[in-house]
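Numbering (our numbering), first residue to last: 478 to 879.
Presented below is the structure to which this report refers.
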């Protein structure tokens, strides 16, 4: 919907800066440089700038510049599939090119590219076999590529599922049991869903036929299911194969409920017995309500780690680089509890969350520095300052599964 969205509004007002992760990553000391991270350096306007992506060996205390990093898209973090890295253009007018890199000897080497239709807004990619499904956020369709050859093999038109126009705004995706689940943001008016429509839509596609099976709708007051700008973990599957979906509720601007909905294993409807609203909670150590959950990573046993924005911390005249509005959270999705971790608040440009072994990494821009703080799940130890210091705002943290 509204293919002429203000990118500045999305970056600054929505500021859904994403982190990229993989389920249950396990460090492999025999394979060097199995960590990918990105940093973002916005220009004065905030609507554009630079992103640099590089590979590193470990999370030992260190400071990294961008001299050996490669430039990647400003709007959306890279997507990792096996040893390949896909650089998607995201919600930007700068390019419509998907670039494919391969990890070789600890370096990212360009391999192939695909030029999307103009205004594609390609923001997410998942694979099944040789097929890659790419959500075209700007065009209301799913592009199907052979991700090995980077050749187009099909398209899935979602225009009939748009509410208010012919674009339902497909966002993050997940495949379970040969079914592709696609969160539909249903954006109107440039930035948010219709304030009068507090509903969440997910379209389900049969990957054997690439035909839409149905659209399902939850009507309990949540909206904007899955992250609007690229957090792949905003729709995730737990160890029971239950799917959880982060509903971002217009980023807290329209009075909708924000939090998690569920689709149980073996079912293709929303679970009416489960909802987890986080925007109505009083959380110790946080002075105002959460706007919504931003980037996140699920680690098992009901534990979810996430960043959230709290607009109450903005100054009267917001300074998006200086105001520290992002908090770090430990969430129990089974018992429905939220705990603030003792990590400094960050600005809205950095909300990255990742995992490395027992450590959860929060990529933040705080008053004590730019970089990745660590929280150890076993020892509960928290770094007082960034362990990985970066030359830019942390944008993405990812561990390859070697």
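C-beta: ideal position from N, C-alpha, C; glycine also.
Same chain, Cβ closer than 7 angstroms to residue i, neighbours up to 5 away in sequence not counted
i, result
"residue 605", "652 and 684"
"residue 846", "862, 863 and 866"
"residue 823", "801, 803, 841, 842 and 843"
"residue 753", "736, 737, 810 and 813"
"residue 788", "729, 768 and 802"
"residue 860", "850 and 851"
"residue 815", "755, 758, 760, 806 and 808"
"residue 732", "672"
"residue 763", "787, 804 and 817"
"residue 853", "835 and 836"
Endpoints, the beta strand (DSSP E) within which residue i is located
i, result
"residue 726", "Run containing residue 726: none; DSSP gives neither H nor E here."
"residue 849", "846–853"
"residue 663", "Taken as a continuous stretch (DSSP letters only), residue 663 belongs to no beta strand (DSSP E), as it is neither H nor E."
"residue 571", "No beta strand (DSSP E) contains residue 571, which DSSP labels as neither H nor E."
"residue 691", "688–695"
"residue 860", "Note, residue 860: premise wrong, no beta strand (DSSP E); not H, not E."
"residue 839", "836–843"
"residue 553", "Element bounds for residue 553: n/a, residue is neither H nor E."
"residue 563", "561–564"
"residue 542", "Here residue 542 belongs to no beta strand (DSSP E), and DSSP marks it neither H nor E."
"residue 823", "Here residue 823 belongs to no beta strand (DSSP E), and DSSP marks it neither H nor E."
"residue 610", "608–613"
"residue 704", "It is not in any beta strand (DSSP E) - residue 704 carries neither H nor E in the DSSP assignment."
"residue 648", "647–653"
"residue 771", "769–777"
"residue 599", "599–605"
Distance CB(residue i)-CB(residue j) smaller than 8 angstroms
i, j, result
"residue 554", "residue 872", "yes"
"residue 687", "residue 631", "yes"
"residue 781", "residue 808", "yes"
"residue 874", "residue 831", "yes"
"residue 829", "residue 772", "yes"
"residue 535", "residue 516", "no"
"residue 607", "residue 641", "no"
"residue 627", "residue 601", "no"
"residue 849", "residue 820", "no"
"residue 533", "residue 869", "no"
"residue 668", "residue 552", "no"
"residue 564", "residue 550", "yes"
Residue i (DSSP reduced to helix, strand or coil)
i, result
"residue 710", "helix"
"residue 637", "helix"
"residue 515", "strand"
"residue 831", "strand"
"residue 788", "helix"
"residue 682", "strand"
"residue 883", "Residue 883 is absent from the structure shown; the chain starts at 478 and stops at 879."
"residue 495", "Model confidence at residue 495 stands at a pLDDT of 43, short of 50, so the residue's coordinates are unreliable and nothing is read from them."
"residue 593", "coil"
"residue 755", "coil"
"residue 527", "strand"
"residue 877", "coil"
"residue 716", "coil"
"residue 805", "strand"
"residue 575", "strand"
"residue 797", "coil"
"residue 736", "strand"
"residue 521", "coil"
Own chain residues within Cβ distance below 8 angstroms of residue i, not counting five before or after
i, result
"residue 593", "566, 573, 574, 575, 599, 611, 613 and 620"
"residue 562", "513, 530, 555, 556, 577, 578, 579, 580 and 585"
"residue 691", "680, 681 and 745"
Residues near residue i in its chain [Cβ-Cβ closer than 6 angstroms; skip 5 each side]
i, result
"residue 695", "677, 738 and 747"
"residue 540", "866"
"residue 713", "721 and 775"
"residue 603", "610, 650 and 652"
"residue 547", "530 and 585"
"residue 751", "739"
"residue 765", "787 and 789"
Beta carbon proximity, residue i to chain D, threshold 8 angstroms
i, result
"residue 548", "This model lacks chain D altogether, as it is built from one protein chain only."
Check: residue i C-beta below 7 angstroms from any heavy atom of the ligand FAD
i, result
"residue 541", "You won't find the ligand FAD in this model; it holds no ligand whatsoever."
Counting pairs of Cβ atoms below 8 angstroms between the region 678–693 and the region 653–670, do you hit three or more? yes
Decide yes or no for the touch test of the region 724–740 against the region 773–780: beta carbon pairs closer than 8 angstroms, at least 3 of them. no
Using a Cβ distance threshold of 8 angstroms, determine whether the region 759–775 contacts the region 792–799, with at least three qualifying pairs required. no
Does the region 720–728 come close enough to the region 686–703 to have 3 or more Cβ pairs within less than 8 angstroms? Segments in contact, yes.
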